[in-house]
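Peer 1: Under numbering that gives the first Met the number 0, the first residue of the sequence shown is numbered 0, with each subsequent residue one higher.
Positions of the beta carbon are idealized from the N, C-alpha and C atoms, including for glycine.
Given the structure is predicted, the values throughout are model-derived calculations rather than measurements.
Here's a structure for you.
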Amino acid sequence: MNITRTPAAKLVSCLIAASGALMFSASASAAMGSKADYDTTKAQAKQSYDTAKEQCKSLKDNAEDVCKAQAKLDHTRTLAAAEAKYKGTDKAAHEARVDIAKAKRDLAEEHCDDKNGNDKDVCKKEAKAAYVTAKADADLKLKDRKAWDDAAEEVADANHAVAKEKCDALSGNAKDACVAQAKTHAGK
Numbered sequence: 000m001n002i003t004r005t006p007a008a009k010l011v012s013c014l015i016a017a018s019g020a021l022m023f024s025a026s027a028s029a030a031m032g033s034k035a036d037y038d039t040t041k042a043q044a045k046q047s048y049d050t051a052k053e054q055c056k057s058l059k060d061n062a063e064d065v066c067k068a069q070a071k072l073d074h075t076r077t078l079a080a081a082e083a084k085y086k087g088t089d090k091a092a093h094e095a096r097v098d099i100a101k102a103k104r105d106l107a108e109e110h111c112d113d114k115n116g117n118d119k120d121v122c123k124k125e126a127k128a129a130y131v132t133a134k135a136d137a138d139l140k141l142k143d144r145k146a147w148d149d150a151a152e153e154v155a156d157a158n159h160a161v162a163k164e165k166c167d168a169l170s171g172n173a174k175d176a177c178v179a180q181a182k183t184h185a186g187k
């Protein structure tokens with residue numbers, strides 16, 4: 000799908016993307032998941048978003064809507080990444096991926112409004128398909144992570160059982176030390 004944008008919309012998009020990247024890289028280099036970093040990134044993201052929306056007002060018709068949707072996407076990317084980092088959970092990372100996919104879909108649908116007839120219908124279906132694909136990918140990554148965690152736990156349990164069995168050949172303090180070491184090694 001070939002999408003053309005006005006020079007002003009491209010400029011706004013570049014400015015927002017650059018500020019979002021700077022905010023994300025600044026927060027990424029700081030202490031992982033700190034509340035202060037999260038709050039700072041949130042405030043900066045809101046300020047950038049508000050500035051971008053103001054700049055979009057100089058555009059007309061659908062160009063303004065596209066500009067606002069791009070600003071929303073950039074804001075969502077920054078905010079979702081900051082929140083996922085702050086929470087530090089697989090679920091938060093999943094939610095961030097889904098939120099970004101929704102914002103991308105909304106932007107793509109705004110681009111579709113410049114089209115007519117079947118071209119517009121196809122464009123909307125492509126936007127929806129891209130969203131469904133991105134959401135399915137996010138769901139798969141969440142399930143993959145859980146599968147890896149479950150597999151790692153099974154391996155650790157099996158290795159712990161082997162180590163304990165080896166300890167059974169010992170007696171007294173040596174056996175106790177061996178069992179303690181096996182537990183420590185297995186993270187039990």
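Among the residues of its own chain, which have a CB less than 6 angstroms from the CB of A44, if the five just before and after it don't count?
Peer 2: Closer than 6 angstroms at Cβ, skipping near neighbours: H74, T77, L78.
Peer 1: Closer than 8 angstroms is the cut-off here; do at least three beta carbon pairs connect the segment 115-131 with the segment 166-175?
Peer 2: Judged by Cβ distances under 8 angstroms, the segment 115-131 makes no contact with the segment 166-175, as fewer than three pairs qualify.
Peer 1: What's the gap between the Cα of A80 and the Cα of A102?
Peer 2: So the two alpha carbons sit approximately 14 angstroms from each other.
Peer 1: Would you report the Cα separation of A68 and L58, rounded to the nearest angstrom?
Peer 2: Straight-line Cα distance between these residues: approximately 13 angstroms.
Peer 1: Near A162, which residues of its chain fall below 6 angstroms by C-beta distance, leaving aside the five closest residues on each side in sequence?
Peer 2: Same-chain partners within the cutoff: A181.
Peer 1: Would you list, in sequence order, the uninterrupted beta strand (DSSP E) runs of no fewer than 3 residues that lie entirely inside the segment 21-87?
Peer 2: Whole beta strand (DSSP E) segments, 3+ residues: zero.
Peer 1: Please return the same chain residues whose Cβ sits closer than 8 angstroms to the Cβ of K56, not counting the five positions on each side in sequence.
Peer 2: Excluding positions up to five away in sequence, the list reads E63.
Peer 1: When burial is assigned at 16 or more other CB atoms within 10 Å of the CB, is V65 buried or exposed?
Peer 2: By the 10 Å Cβ count, V65 comes out buried.
Peer 1: Please classify D112: does DSSP put it in a helix, a strand, or coil?
Peer 2: In this structure, D112 counts as coil in the three-state DSSP scheme.
Peer 1: What are the start and end residues of the alpha helix (DSSP H) that includes D167?
Peer 2: No alpha helix (DSSP H) contains D167, which DSSP labels as neither H nor E.
Peer 1: I'd like to know if the segment 83-99 and the segment 111-121 are in contact, where contact means that at least 3 CB-CB pairs between them fall below 8 angstroms.
Peer 2: Short answer: they don't touch.
Peer 1: With N61 and E109 assumed to form a contact (beta carbons below 8 angstroms), what rounded beta-carbon distance in angstroms separates them?
Peer 2: With a Cβ gap of about 7 angstroms, N61 and E109 count as contacting.
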